[in-house]
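Going down the list, the protein sequences come from chains A and B.
Using my numbering, the first residue of the first sequence is number 17, and each one after it goes up by one.
Using my numbering, the first residue of the second sequence is number 37, and each one after it goes up by one.
Idealized CB from N, CA, C, for every residue including glycine.
In what follows, a single structure is set out as structure tokens and then discussed.
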Amino acid sequence: MNIAIFFGTETGNAEMLAEDIATELEDQHETSVANLADTAPDALLTEGLNVIVCSSYDDGDFPASAKPFVEKVQAAKPDLTGVRFAIFGLGDSEYADTYGFGSMKVAELLVAHGAEALGDRPVHDAAGDALPEDMALPWLEEIIGGLDA
Amino acid sequence: MSAKIAIVGAGPSGCYTAQALLKRAPDLEVDILDAQPVPYGLVRYGVAADHQGTKGVARQFARVFTRQNAHFIGNLRVGRDVSMEELRGAYDAVVLAAGLSADRPLGIPGDDLPGVIGSGALTRALYEHPEAQALPELGEAPVVIGTGNVAIDILRLLAKTPEELKGSDLGPVPTDWLAARKIRRITVVGRSTAGAAKFSPVMVKELGELSQVDLRLPGCAQDAGEALQAAVAASAGPLPIEFRFQSRPVALEQADGALRLTVETPQGVEQIAATSVISAIGFTSDGALDRGALLQEVEAGTGRLYATGWFRNGSVGAIPQCREEGQRLAQQILDEITPDPARPGRALFADRSDVVDFDHWLQLDARELAAATDQRCRQKIHLREELLRPANLQDA
Ligand SMILES: Cc1cc2nc3c(=O)[nH]c(=O)nc-3n(C[C@H](O)[C@H](O)[C@H](O)COP(=O)(O)OP(=O)(O)OC[C@H]3O[C@@H](n4cnc5c(N)ncnc54)[C@H](O)[C@@H]3O)c2cc1C
Ligand SMILES: Cc1cc2nc3c(=O)[nH]c(=O)nc-3n(C[C@H](O)[C@H](O)[C@H](O)COP(=O)(O)O)c2cc1C
């Protein structure tokens with residue numbers, strides 16, 4: 017399957033996780049990794065799966081590298097029907113009121129333009145002990161398993 | 037043939053630059069030198085003990101050494117243990133990412149009186165930097181000068197209860213020091229208007245949510261942003277923290293066994309009594325490297341010499357900016373570098389027995405994590421001798 021992995025980041029944690037996901041999947045799938053900052057809405061795959069890893073900043077805002085993508089979607093209002101995506105958030109539960117809002121807003125934006133969200137949207141807690149890849153890899157495996165079946 | 041690059045400073049700027057270099061050119065020999073026996077610069081010794089999430093970038097930096105094969109050469113101060121000339125002779129390129137650690141002086145009469153402490157010195161003491169001075173006596177009414185995020189960090193730490201410090205890596209000595217403090221009020225003095233203050237809104241919001249804090253704004257701060265106004269309205273604890281904007285410090289003097297700060301305001305000259313003064317107005321060079329001359333050479337662009345981060349820009353920019361600048365710089369270096377196999381690279385340090393490598397840090401790290409109490413996520417090793425030769429390191 018074609019799996020396009022995108023990340024939205026400020027300090028690079030989301031990029032590292034995106035690369036870990038690609039490394040895990042590349043034996044069995046065609047994978048690519050791209051920064052949302054360099055991604056046009058029409059780069060989202062309509063065949064295969066899009067995986068998005070995105071952090072949160074400043075009172076529940078998008079991280080800097082997701083903003084250009086968000087603005088492009090808002091401006092071009094693309095029809096994303098047929099785009100399937102799984103999204104994983106990075107956040108910090110110390111920001112309790114806006115925990116994981118960056119990834120939530122990206123998901124809402126894509127769904128509002130017709131894309132289909134697969135699975136739930138886990139959020140890794142930077143203030144917790146779990147490693148993001150230990151959460152994300154099993155989560156994604158299950159989503160991909162559902163698609164293959 | 038792979039080029040050899042020395043990066044001076046293992047803080048965010050140095051680590052992100054190495055990460056980006058090795059991502060683009062995995063065969064480079066990248067060595068990151070640091071004056072301290074441990075890596076990560078201000079991620080370990082500046083980012084607040086209660087902001088562990090922000091320190092999460094250290095996982096990325098660790099991979100620069102463990103997976104991307106950068107070498108850590110710790111406990112080596114460039115300018116003292118090795119000269120810039122030696123370093124530049126040994127490597128195809130040298131990147132200055134040494135940060136800025138000295139507190140910028142207030143530059144007013146009395147700024148060196150006892151009872152005046154810089155934010156860098158104070159945070160190094162709080163976060164157990166190997167070169168930290170002892171924690172100071174702040175008394176009942178400290179005054180903080182500066183309204184950036186570092187000032188807010190200090191206010192937050194000073195105001196937190198032991199309960200609110202759970203999960204941090206604040207050490208036992210600073211924890212006891214905080215518990216024994218006698219502070220009854222804090223005054224924060226800034227030159228700018230409230231609206232132009234440098235702190236970020238989320239930092240003020242977080243401060244206003246603490247159980248002890250009662251943020252206060254005198255009437256003249258009409259242009260205060262929403263976050264500050266909301267925090268002032270929301271905070272209702274027993275510890276008053278008063279913000280005084282548009283107040284330019286002009287003099288400090290000793291009076292009645294305490295300090296008296298004179299400020300100029302649009303309403304005229306005012307005096308503020310202080311039992312201690314914490315200056316949080318930015319950082320400057322510690323003098324170990326001749327920063328001015330080196331930056332001139334960097335600008336000239338002829339000497340295989342580069343600079344990045346706080347060392348280059350002054351103490352502005354947070355961790356995300358270090359990353360962006362490191363990525364741009366890596367590309368520039370790769371465009372310009374010409375390897376010369378005659379340059380020895382890290383062989384320059386072959387005879388030094390006093391430097392430490394990344395494995396040494398991994399053992400310290402494991403030890404610090406294992407020593408943490410249930411209130412803490414880590415217990416830092418403080419003393420340089422312990423960091424260099426921890427007892428029974430092999431048992432860790
Ligand atoms: C108190 C404080 C709190 C902060 N909190 C945050 C925060 O929460 N979030 C955020 O994004 N940013 C924060 N910042 C800003 C952030 O720390 C800086 O943007 C960043 O650390 C700058 O990175 P740097 O690598 O340029 O410098 P540094 O992190 O200072 O690293 C420089 C390194 O060089 C080494 N060095 C210095 N001189 C020599 C020498 N002569 N030879 C060898 N090595 C040398 C030092 O030991 C150090 O390890 C904070 C800053 C401070 C001061
Ligand atoms: C200033 C700042 C604001 C943040 N705001 C939020 C937030 O509102 N919600 C949240 O869940 N996480 C928040 N975070 C946590 C980050 O999303 C988290 O540290 C993440 O791992 C960063 O990933 P990145 O390196 O990919 O940007 C914030 C972090 C910082 C430094």
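Residue-chain proximity (residue i, chain B), Cβ-Cβ < 8 Å
i	result
A/THR27	yes
A/ALA50	no
A/GLU110	yes
A/ALA80	yes
A/MET120	no
A/ASP150	no
A/ASP177	No information on residue 177 of chain A is available, as it lies outside the stretch 17 to 165 that chain A covers here.
A/THR62	no
A/ASP43	no
A/ALA142	yes
A/MET17	no
A/ASP75	yes
Proximity test, Cβ basis, 8 Å: residue i and chain A
i	result
B/VAL268	no
B/VAL66	no
B/PRO356	yes
B/ARG220	no
B/SER236	yes
B/VAL93	yes
B/GLN104	no
B/ARG359	yes
B/GLN88	yes
B/GLY261	no
B/GLN367	no
B/GLN415	no
B/GLN411	no
Through-space distance from residue j to residue i, alpha-carbon basis
i	j	result
A/GLY135	A/VAL67	11 Å
A/PHE78	A/ALA123	11 Å
A/SER119	A/VAL69	8 Å
B/LEU123	B/ALA39	14 Å
A/GLU87	A/ALA133	20 Å
B/PRO237	B/GLU245	13 Å
B/GLY170	B/VAL66	Reading off the sequence shown, one finds Ala at residue 170 of chain B, where the question assumed Gly. Each residue's alpha carbon lies about 36 Å from the other.
A/LEU106	A/ASP145	13 Å
A/LEU52	B/VAL286	48 Å
B/PHE347	B/LEU136	6 Å
A/ALA38	A/ALA20	9 Å
B/VAL114	B/ASP326	11 Å
B/LEU423	B/VAL118	21 Å
B/TRP397	A/ALA30	25 Å
B/GLY154	B/GLU300	21 Å
B/CYS358	B/SER49	5 Å
A/MET32	B/GLN96	7 Å
A/THR97	A/ALA131	5 Å
B/ARG284	B/ARG227	5 Å
B/GLU421	B/LEU400	12 Å
B/GLN415	B/LYS202	13 Å
Given residue i as reference, the closest of the options once Cα atoms are compared
i	options	result
B/GLY207	B/GLY337, B/THR159, B/ALA343	B/THR159
A/MET17	A/SER109, A/HIS45, A/GLU35, A/GLY162	A/HIS45
A/TRP155	A/ASP145, A/ARG137, A/ASP141, A/GLY118	A/ARG137
B/ASP148	B/GLN368, B/GLU306, B/LEU297, B/ALA161	B/LEU297
B/ALA233	B/ALA402, B/ALA54, B/GLN258, B/LEU330	B/GLN258
B/ASP376	B/LEU64, B/ALA56, B/GLY47	B/LEU64
B/ASN185	B/SER389, B/THR409, B/ILE355	B/ILE355
B/ASN111	B/HIS87, B/VAL130, B/LEU142, B/GLY77	B/GLY77
B/GLU361	B/ALA42, B/GLN55, B/ILE314	B/GLN55
A/HIS140	A/LEU125, A/HIS129, A/TYR111	A/TYR111
A/TYR115	A/ASP95, A/ASP75, A/ALA56, A/SER48	A/ASP75
B/LEU243	B/ALA294, B/VAL268, B/GLN368, B/THR211	B/VAL268
B/LEU370	B/GLY50, B/ALA98, B/ASP128, B/ARG80	B/ASP128
B/ARG379	B/SER389, B/ARG340, B/ARG403, B/VAL391	B/ARG340
B/ALA215	B/GLU200, B/SER228, B/ARG227	B/GLU200
B/ALA61	B/LYS416, B/TYR163, B/GLN367	B/GLN367
B/SER321	B/GLY273, B/ALA133, B/ARG280	B/ALA133
B/LYS218	B/LEU162, B/GLU173, B/MET120	B/GLU173
B/GLY82	B/PRO145, B/ALA266, B/ALA316	B/ALA316
Heavy atom of ligand 4 within 7 Å of residue i beta-carbon
i	result
B/ILE355	Ligand 4 is not among the ligands present in this structure, which contains only ligand 1 and ligand 2.
### Message
Restricting to runs no shorter than 4 residues, where is the alpha helix (DSSP H) found entirely within the segment 98-165 of chain A?
### Response
117-128, 148-164
### Pocket of ligand 2 (residues with CB nearer than 6 Å to any heavy atom), chain order
A/THR25, A/GLU26, A/THR27, A/GLY28, A/ASN29, A/ALA30, A/SER71, A/SER72, A/TYR73, A/ASP74, A/ASP75, A/GLY76, A/PRO79, A/LEU106, A/GLY107, A/ASP108, A/TYR111, A/THR114, A/TYR115, A/GLY116, A/PHE117, A/ALA142, B/GLY89, B/THR90, B/GLY92, B/VAL238
### Query
Residue ranges of each alpha helix (DSSP H) run of no fewer than 4 residues wholly in the segment 49-115 of chain B, ordered along the chain?
78-81, 93-102
### Contained alpha helix (DSSP H) runs [length at least 4] in the segment 20-49 of chain A, N- to C-terminal order
29-41
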